[in-house]
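Order-wise, the sequence lines are chains L and D. In terms of the working numbering, the first sequence opens at residue 22 and continues consecutively. In terms of the working numbering, the second sequence opens at residue 750 and continues consecutively. Worksheet: one structure, shown below.
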Amino acid sequence: MKTHESTVDQFDAEALKELRPEQQLGKTALVLAAVCVAAWFSNIVNGSPLLDALPGMLILYVMVIIGLVVGRLCPFYLPSVAWVSLISIIATLPIFPGNGWIIGQLAEVNFLAVVTPVLAYAGLALTHREFSMFKQTGWKLVIVALLVFTGTFIGSAVVAHVML
Amino acid sequence: MDLKLLLNWRLHLLVILTSMFSEWIGIIRIPLGPGTLLLLPLLYAFIIGVLFNPHLFSAMGKAIPKPVSHAAGPIILIAILPFIAKFGSTIGPAIEQIIAAGPALILQELGNLGTMLIALPFAVLVLKMGREAIGATYSIAREPNIAIISDRYGLRSPEGIGIMGVYVVGTMFGTLYFALMAGYIASLDILDIRALAMACGVGSGSMVAACSAALAEAVPAAKDELLAFAGASNLLTYATGLYVSLFIALPVTEWMFTRLKGSRQEVRHENS
């Protein structure tokens, strides 16, 4: 049983490594299309009807692909999230041509609706190991979380207080 | 991994139905004392996902076989990227406000490093936590921070469990806790109320709203100014927070964790 568990873990680690999004652009492009469809449908309820949101979803898809390609070609390593957010910031800057149209189309895509499917995948992806790990450390995480919130708030307030 | 598993139609269909159902429930606001408990669709989606997880209830293996559940792991990495793109698009249009906001706003971002100064030693030395402590304490565990951890370690690593735990706690109680804490600290009258407003900006949208509303309640005369400061700070958290947590907070947390872990082992060694 134990060996079975560890092979599963190993398999996961390999799968994760293999699927670093920028390393396998072909595969990523297909999976990205599937998750965009999920986000697209999720957006119907509190965002816009399918056709209205289509350009916005396509823009997000293209931004991600451009970010991944840049990350792949770049000589130094930055996580793909940093590249994707950079591409998106640049494309919506006031000086960027057509930024008004891009922002207008993206407005059809609800901010929270895009992240809802991500958490659904996350819930489905948990394994035995994580369930038992969470059972062991769950109450500790609640205490740590409250300390994290207090520390961040007071830290930021003190720095801002000194700067003002 | 096999492309057939990654593109398994049952998995994606279940996620679509789950997401649409969660969105349909919508945001639930539960007033509680001075604040509001805010439940977002992403929380329900996570819970429904867990309920359908074949590793928790083996009966669910009929709908989602275990290999398909494994395939969902790497998909998370990719699924977060469109969200990050959407997120960046709120920053570009506001770039002038961000520049005008000045050095206080930019530097208070560094105050976020206060996160790990208290929480990390406590987690490692008192609670004897392992690498979960890194994910749990390096940031305030909002969506962009999750994206960083998911990219670096994967969401199913100990670091991933740590940040998801803090995320869930933050989602459920963060809004309430921020409102309570901000109101209380404002009533102590030690720090500039505008500084507190900027500090409100570190959280997610609902935390910022509750936090600055609590401050406005404490000092009604300065309401508009306080909300503007909190809003600008929140924008900056999203603009620069990603880079601060990636290039400063995460390496510092890793370094501190190694140190703390080392000292803990030495103590144990001396005792034995």
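Think of the CB as a built atom: it goes at the ideal place given N, C-alpha and C, for glycine as much as any other residue.
Taking C-alpha positions only, leucine 99 of chain L is separated from glycine 92 of chain L by approximately 7 angstroms. Contact with chain D is found for lysine 161 of chain L, since one of that chain's Cβ atoms lies less than 7 angstroms from the residue's Cβ.
Around the beta-carbon of threonine 1007 of chain D, fewer than 16 other beta-carbon atoms lie within 10 Å, marking it exposed. Distances from the alpha-carbon of methionine 865 of chain D to those of D/Phe836, D/Ile912, D/Gly822 put D/Ile912 closest. In the pairwise beta carbon analysis, the region 119-133 of chain L is classified as touching the region 72-80 of chain L: at least three pairs are separated by under 8 angstroms.
Counting along the chain, the unbroken alpha helix (DSSP H) around proline 870 of chain D starts and ends at 863-870. Excluding five sequence positions before and after glycine 919 of chain D, the CB atoms of its chain that fall closer than 6 angstroms to its own CB belong to Ala890, given in chain order. In this structure, leucine 168 of chain L sits near isoleucine 867 of chain D, with a CB-CB distance shorter than 7 angstroms. Looking from the CA of serine 768 of chain D, the closest CA among L/Ile65, L/Thr49, L/Val52 belongs to L/Ile65.
Cβ proximity to chain L below 9 angstroms picks out Tyr926, Phe927, Met930, Ala931, Ile934, Ile939, Leu940, Asp941, Arg943, Ala944, Leu945, Ala946, Met947, Ala948, Cys949, Gly950, Val951, Gly952, Gly954 from the region 926-955 of chain D.
With distances taken between CA atoms, isoleucine 777 of chain D lies nearest to D/Leu792 out of D/Ile765, D/Leu940, D/Leu792.
At a cut-off of 7 angstroms between beta carbons, phenylalanine 174 of chain L contacts chain D.
Here alanine 944 of chain D really is in contact with leucine 185 of chain L; their C-beta atoms are around 6 angstroms apart, less than 8 angstroms. Note on geometry: alpha-carbon atoms of histidine 804 of chain D and glycine 914 of chain D lie some 19 angstroms from one another. In the DSSP assignment, leucine 53 of chain L falls within the unbroken alpha helix (DSSP H) covering 46-67. Here asparagine 67 of chain L is not near alanine 141 of chain L, since their CB atoms are 7 angstroms or more apart. The three-state reading of DSSP puts arginine 778 of chain D in strand, counting E and B together.
With fewer than 16 other Cβ atoms inside 10 Å of its own Cβ, glycine 851 of chain D counts as exposed. Between glycine 144 of chain L and valine 817 of chain D a beta carbon distance of about 13 angstroms is seen, past the 8 angstroms cut, so the two are scored as non-contacting. Between the region 968-977 of chain D and the region 818-827 of chain D there are fewer than three C-beta pairs closer than 8 angstroms, too few to call the two in contact. The bridge partners DSSP lists for leucine 788 of chain D are D/Ile777. In the three-state DSSP reduction, cysteine 95 of chain L falls in the coil class, being neither helix nor strand.
CA-to-CA, the gap between glycine 121 of chain L and alanine 946 of chain D works out to about 31 angstroms.
In the three-state scheme derived from DSSP, where H, G and I count as helix and E and B as strand, lysine 877 of chain D is classed as coil. For the set D/Cys949, D/Met878, D/Asp938, D/Tyr887, the Cα lying nearest the Cα of alanine 928 of chain D is the one of D/Cys949. Annotation for aspartate 900 of chain D: the continuous alpha helix (DSSP H) segment containing it runs 892-901.
Taking a Cβ-Cβ threshold of 9 angstroms, none of the residues of chain D is close to valine 90 of chain L; the smallest such distance is about 13 angstroms. Secondary structure at valine 968 of chain D: coil, using DSSP grouped into helix, strand and coil. Judged by DSSP in its simplified three-state form, aspartate 938 of chain D adopts coil rather than helix or strand.
Tyrosine 98 of chain L is outside the set of residues whose beta carbon lies under 7 angstroms from a beta carbon in chain D. Taking 7 angstroms as the cut-off, the beta carbon of serine 177 of chain L is found no closer than this to the beta carbon of valine 968 of chain D.
Distances from the alpha-carbon of leucine 46 of chain L to those of D/Ser807, D/Ile827, D/Ser906 put D/Ile827 closest. Cβ-Cβ distances below 7 angstroms link valine 957 of chain D to Cys949, Gly950, Ala979, Asn983 in the same chain, with the five nearest sequence neighbours on each side left out; the list follows chain order. Judged by their CB atoms, tyrosine 887 of chain D and alanine 998 of chain D are nearer to each other than the 7 angstroms cut-off.
Annotated three-state conformation of valine 83 of chain L is helix, per DSSP.
Any Cβ of chain D closer than 7 angstroms to the Cβ of proline 76 of chain L would place that residue at the interface, and such an atom is absent.
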